[in-house]
Amino acid sequence: MTKPFWESTSLENMTDEQWESICDGCGKCCLHKFIDDEEASEDMAPTDHIQKGESIHFTNIVCGLLNTKTCSCSQYHKRTQLVPDCVKLTKDNLDSIFYMPNSCSYRRLYEGRGLPSWHPLLNRGKKTAMHKAGMSIRGKTVFDHDVDLDDFENYIVTWPLMDKD
Ligand code: SF4
Ligand code: SF4
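Count the sequence shown with numbering that gives the first Met the number 0 and you get residues 0 to 164, in order.
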């Protein structure tokens, strides 16, 4: 039997369409997070990069442009104009993948862990299994325009770090 493309093709060699389909649409990369390097805590925009070795803490504060029901960006094509810090993961910045949550499907493939059973590609393109498995941000977040970001330490959560096969 022929292997599915995500098992036979490296991330670097995927077509644009294949690459896009790897995104599970969980929305976790749209959460604000911060770095703890023992000397200082620094608030990060949803997709800022970190250096390897630094601790990353996720909050349940999400970018105001995320549709928190579908877990999709409401302004996908204009996102980098509207949110200058929104940096998309691409084949060219794969070495920064460690700022993504463990369950991020790109990170899973990059680390040789394969796609999880709840991934839309294994569920007729639907996100239902992902939501049921609790692997998306649905129902768990507050918008960044509704909170004082200076208080971000009050919003630290561990659920974005969890993964499930
Ligand atoms: S964390 Fe990864 S898989 Fe989930 S939405 Fe972001 S880029 Fe896609
Ligand atoms: S602009 Fe869109 S893709 Fe970027 S962090 Fe906000 S919701 Fe996510």
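Note that CB positions come from ideal geometry on N, CA and C, so glycine has one too. Predicted model only: the values in this text are computed from it and were never measured.
With the criterion CB distance below 6 angstroms from any heavy atom of ligand 1, the matching residues run Cys22, Asp23, Gly24, Cys25, Gly26, Lys27, Cys28, Leu88, Met99, Pro100, Cys103, Ser104 and Tyr105 along the chain. For Thr67, the secondary structure class from DSSP, reduced to helix, strand or coil, is coil. Sequence-distant partners of Thr79 (beyond 5 residues in either direction) whose C-beta falls short of 7 angstroms from its own C-beta, in its chain, are Cys85.
With at least 16 other beta carbons inside 10 angstroms of its own, Val82 counts as buried. In the same chain as His56, and ignoring 5 residues on each side of it, the C-beta atoms closer than 7 angstroms to its own belong to Lys32, Phe33, Asp35 and Ile155, in chain order. The three-state reading of DSSP puts Lys77 in helix, counting H, G and I together. It is roughly 16 angstroms from the alpha-carbon of Leu10 to the alpha-carbon of Pro115. In the DSSP assignment, Asp35 falls within the beta strand (DSSP E) that extends over Leu30 to Asp35. Contact check for Met161 and Ser102: beta-carbon distance about 7 angstroms, within the 8 angstroms limit, so the pair qualifies.
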